[in-house]
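> Structure incoming, see below.
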Amino acid sequence: MLSISPPLRYNINVKVKEIFAKAILTKTAISGFDYCINPYVGCGHGCRYCYASFMKRFTGHLEPWGEFIDVKVNAPDLLKKQLKRAKQGVVAFGTVTDVYQPIEKKYQLTRKCLEALLENQFPVNLLTRSSLCMRDIDLFKQFKNIEVGLSITTHDEIVKKIFEPSSPSISTRIGALRALHEEGIQTFAFIGPMLPLDPKPMVTMLDGLIDEVLIDRMNYPNKVKSIYYKAKLDKYLEDDYFHIAGKELKERFEKKGVSVSMIF
Ligand code: SF4
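In numbering that gives the first Met the number 0, the protein residues as written are 0 to 263.
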């Protein structure tokens, strides 16, 4: 990818650079999807456990994860070109970034890519931690096949702040799910990774807002072990916690008629 602007400071911690990408609609091996779109490299949410930080190996960034964002400014134009030759398939938005991270307010690349996909009615699956997705409800409503999900990893705002210091509050994510659901959009919650949580309030909080829930354990414990220990939350890293709390979540959601996929 070619850099077209000198780095500028997006906020006190995040270094932003505009780049030209060579491709934006990328084939993926992720089950259930054919393509993925990531309009940004890096993510201003900077979750401590983020698996996508492996991207640094390919991009050469030396900054800590969460402190750089490369903006693929040509993403919408590139997508339009690629769509002329692409076979129909399900497009996953945001497999190594959050497509509604704060910088999307300025660049609107996710919105413009959605507009291009809409013209061709490609099926879309979109996952985010941000209520900024509500901005694009007008587009979501025009897709024949779209699912929009919010990652909600705990019911506890204090726990969220420890592990996801720069991501939006849980209450705003719940508000987003409510708005999407009320507009008749297919919604899901991704409880992954399961941070320290209590299944009962978790299920109550999501009651009536989602069609499906996906549940996953913490897959990269070594990245965050020290944070768990420092916060005296280490019992929530044990296998028993994931299995017992995961099972209770599944049972409680199923009682509410919500379809559950356990990913571990
Ligand atoms: S929002 Fe997603 S991509 Fe961004 S830092 Fe958090 S886990 Fe990683």
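Built from N, CA and C at the ideal position, the CB exists for glycine as well.
Which residue marks the beginning of the beta strand (DSSP E) containing Leu126, and which one marks its end?
Val123 to Thr127
> Which value, in whole angstroms, describes the spacing of the CA atoms of Tyr9 and Lys255?
Low local confidence applies: a pLDDT of 49 at Tyr9 is under 50, so the model's placement there is unreliable, with the coordinate-based value given in what follows. Cα to Cα, the separation comes out at about 43 Å.
> Using a Cβ-Cβ cutoff of less than 6 Å, which residues in the same chain neighbour Thr96 once the five nearest sequence positions on both sides are dropped?
Asn37, Tyr39 and Cys42
> Just the Cα atoms here: how many angstroms apart are Lys160 and Phe241?
20 Å
> In its own chain, which residues sit with a C-beta less than 6 Å from the C-beta of Val72, not counting the 5 before and 5 after it?
Glu17
> Output needed for Pro192: all residues of its chain with C-beta closer than 7 Å, excluding positions within five of it in sequence on either side, in chain order.
These residues qualify, in order along the chain: Tyr48, Thr152, Asp215, Arg216, Met217 and Asn218.
> What I want to know is whether the C-beta of Asp206 ends up closer than 6 Å to one or more non-hydrogen atoms of the ligand SF4.
no
> Kindly indicate which three-state DSSP category Gln81 falls into: helix, strand or coil?
Residue state, collapsed to three classes: helix.
> What are the start and end residues of each continuous beta strand (DSSP E) run of 3 or more residues lying completely inside the region 24-112, in chain order?
34-36, 67-71 and 90-92
> With Lys16 as the anchor, note down where its beta strand (DSSP E) starts and where it stops.
Lys14 to Phe19
> How is the alpha helix (DSSP H) around Leu248 delimited, first residue to last?
Under the DSSP assignment, Leu248 falls in the alpha helix (DSSP H) whose first and last residues are Asp238 to Lys254.
> Below 8 Å on the Cβ atoms is my guess for Gly88 versus Leu125; work out the distance and round it to an integer in Å.
Incorrect: roughly 15 Å between the Cβ atoms, too far for contact.
> Per DSSP, Met261 is paired with what?
Ile214
> Under 7 Å between the Cβ atoms of Leu194 and Val158?
yes
> Taking the straight line between their C-alpha atoms, what separation do you get for Gln81 and Lys229?
Using only the alpha carbons, I get a separation of about 48 Å.
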